[in-house]
Amino acid sequence: SFFAHDASVMAVRFVPNTHYFFSSGKDQRVRYWDADKFEMILTLDAHIGEVWSLVVASDGSFIVSSGHDKSLRIWERTDDIVFLEEEREKEMENIFDAKLDNQSDPAKTGSMSVPALQAQLKAKESQM
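Number 239 in the working numbering belongs to position 69 of the sequence shown; there are no gaps in the numbering.
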């Protein structure tokens, strides 16, 4: 077993006659994998809500995903070259940005920025 999604995995479908597969999860993503290496190739930010199911065309030319947002999404294969290192960097940047967003949001961290604290103190002083 291996860690595939940030939440529950809802579906796994293999591309016919290959060692590649797609997985979908409650984390709103569809992921493309190499089953020989157990390596993620690509992440598709698929839906606004959970991705419940997916199907792969018999020739592997497209997949269809469906989710909690009541939509069907069609993903077509392209001839674009995917560089795994670039995909890893994008993934790491997204994780880093999400952590920064969580740290700067007082509702999530329970803290406030210095200017916000200063404004709050001035407001309290003026009330006294």
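Yeah, the Cβ is synthetic: ideal placement off N, Cα and C, and Gly gets one too.
Collapsed DSSP secondary structure at residue i in the structure displayed
{"i": "I251", "result": "coil"}
{"i": "F191", "result": "strand"}
{"i": "I233", "result": "strand"}
{"i": "E263", "result": "helix"}
{"i": "D215", "result": "strand"}
{"i": "E220", "result": "coil"}
{"i": "D176", "result": "coil"}
{"i": "D271", "result": "helix"}
Presumed contact (8 Å Cβ cut-off) between residue i and residue j, rounded CB distance
{"i": "H189", "j": "A174", "result": "In fact, because the Cβ distance is near 16 Å, the residues do not count as touching under 8 Å."}
CB of residue i within 8 Å of CB of residue j, strictly
{"i": "S235", "j": "A216", "result": "yes"}
{"i": "A181", "j": "L224", "result": "yes"}
{"i": "V185", "j": "G230", "result": "yes"}
{"i": "K196", "j": "A227", "result": "no"}
Beta-carbon proximity list for residue i, same chain, < 7 Å, skipping 5 on both sides
{"i": "I244", "result": "F232, V234"}
{"i": "D271", "result": "none"}
{"i": "D267", "result": "none"}
{"i": "N187", "result": "none"}
Per DSSP, the bridge partner or partners of residue i
{"i": "A181", "result": "S194"}
{"i": "E246", "result": "F232"}
{"i": "R258", "result": "For R258, which the question treats as bridged, DSSP gives no partner whatsoever."}
{"i": "D206", "result": "BP columns for D206 are empty, so no partner."}
Close Cβ partners of residue i (< 6 Å) along its chain, the five nearest in sequence each way excluded
{"i": "R201", "result": "S193, M210, T213"}
{"i": "W203", "result": "F191, M210"}
{"i": "E256", "result": "none"}
8 Å CB neighbourhood of residue i in its chain, flanking five on each side removed
{"i": "R247", "result": "G230, S231, F232"}
{"i": "Q198", "result": "D215, A216, H217, I218, G219, E220, V221, G237"}
{"i": "R258", "result": "none"}
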